[in-house]
Every structure is written in C-alpha cells, then in structure tokens.
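See the structure below:
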C-alpha cells in the first residue's frame, strides 16, 4: 500500500485532525484517509455501490417450495 507523508502541516490542521479522529474513535491515519476519500468524492461511489447491492438483494426472490424437511436433506447428503 502506498505511503503519503505530509511535510509542514499547519498546527491548526493537525490539531483539528487529532480532535476529529478522537471524536470518531479513529487513528489519525484512518481519519486522514476518510477525509481524503470524502474530499475526492470516493465515499459516494462506495455508498452507491452498497445501495445498488442492497437493492439487488431486496428484489431477489426465492422459489417457495414450502417447508423444508431437514431430515430428508441430511439423508440426501449422506446418500451421496
């Protein structure tokens, strides 16, 4: 994974980053990555992809075969 080093970071930015990281129960690195993703619009893509997947799952239908008999399923598996 690539590494990013920021030099000459203003003190107020660092303090704000630390306070926000503490508030969100994240490390400074995790918080910086989260903020960068939001600033670059990458978090929206993840949300859209997740929403599309959940929508796909919600519409998925399963054939109604009635009550499943677990004993017959075990027997069928053992007979293989």
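Numbering (this note's numbering), first residue to last: 396 to 475. Heads up, the beta-carbon is just placed ideally off N, CA and C, and yes, glycines get one too.
#1: Taking the alpha-carbon of residue 400 as reference, which of 419, 427, 421 has the nearest alpha-carbon?
#2: If you reduce the DSSP assignment to three classes, tell me which class residue 455 lands in.
#3: Based on Cα-Cα distance, which residue from 424, 418, 438, 419 lies nearest to residue 397?
#4: Does residue 403 come out as helix, strand or coil in the three-state DSSP assignment?
Working from what's here:
#1: 427
#2: The answer is coil: DSSP assigns residue 455 none of H, G, I, E or B.
#3: 424
#4: The three-state reading of DSSP puts residue 403 in coil, since its state is none of H, G, I, E or B.
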